[in-house]
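J.: Sharing a structure with you now.
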Amino acid sequence: MSSAPPATRGPTAWPWLVGLALLGLSLSPMLRPLGYDSFPFSSFPMFAHGRKDAVFTVHRAVAVLADGTQVVLPPRALGSDEVLQADTSLRHAIRRGKKASAALCKAVARRVAADPAHAEAVAVKLVSERHDALAYFAGDPTPLAPPKRQARCKLPR
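Taking numbering that gives the first Met the number 0, the leading residue of the sequence shown gets 0, the next gets one more, and so forth.
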């Protein structure tokens, strides 16, 4: 006679209870007041609220050709190959006013003058444009108003 212990089944209810608890926690933001936010179960109110409008401002550095045509300059002309760094430099100069904008414009003009790819350029402009974001990303890049010139400078020759 062998006295083997009886075969026991492990508790099978625990995985189901844990799964239901996690499901309940995941769905709990739907039961909270609108705008309530708490990590890690967030309703992401920063993305759920409407904005009064979808207008945004884009700052650009453009080269002006002899015939008046304008060509948007790459980030490299602003002193960086990184788009966000170039954008930050441009935004900060514009926010600091005319003197800072003029200084950046002259620095960009020196880089453009030294770049053979922009041999036809005669001047540089820093401009700000306001766009409707919904129209812009739907394929209509037309600004809401004519671009506002922040600075203009001739290329050194």
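Glycine included, each C-beta is placed from N, C-alpha and C at the ideal position. All values reported here derive from a predicted model rather than from experimental measurement.
For ALA101, collect the residues of the same chain with a Cβ closer than 8 Å to its Cβ; drop the 5 residues on either side in sequence, then sort them by chain order.
T.: What you label residue 101 is simply residue 102 of the sequence shown in a count that begins at 1. Excluding residues within five positions, the ones whose Cβ falls inside 8 Å are ALA150 and CYS152.
J.: To the nearest angstrom, report how far apart LYS124 and ALA20 are at their CA atoms.
T.: Here the question's residue 124 lines up with position 125 in the sequence shown. Here the question's residue 20 lines up with position 21 in the sequence shown. Computed Cα separation, rounded: 60 Å.
J.: DSSP three-state label for LEU19, please.
T.: Your numbering for residue 19 matches position 20 in the sequence shown. In the structure shown, LEU19 sits in a helix (DSSP, three-state: H, G or I).
J.: Distance check for SER27 and ASP131, CA to CA, integer angstroms please.
T.: The residue labelled residue 131 in the question sits at position 132 within the sequence shown. The residue labelled residue 27 in the question sits at position 28 within the sequence shown. Cα-Cα distance, rounded: 35 Å.
J.: So the alpha helix (DSSP H) LEU89 belongs to, where does it begin and stop?
T.: Indexing the sequence shown from 1 puts residue 89 at position 90. Note, LEU89: alpha helix (DSSP H), 82–95.
J.: Counting along the chain, where does the beta strand (DSSP E) carrying ALA150 start and finish?
T.: By 1-based counting over the sequence shown, the position of residue 150 is 151. First-last of the beta strand (DSSP E) with ALA150: 147–153.
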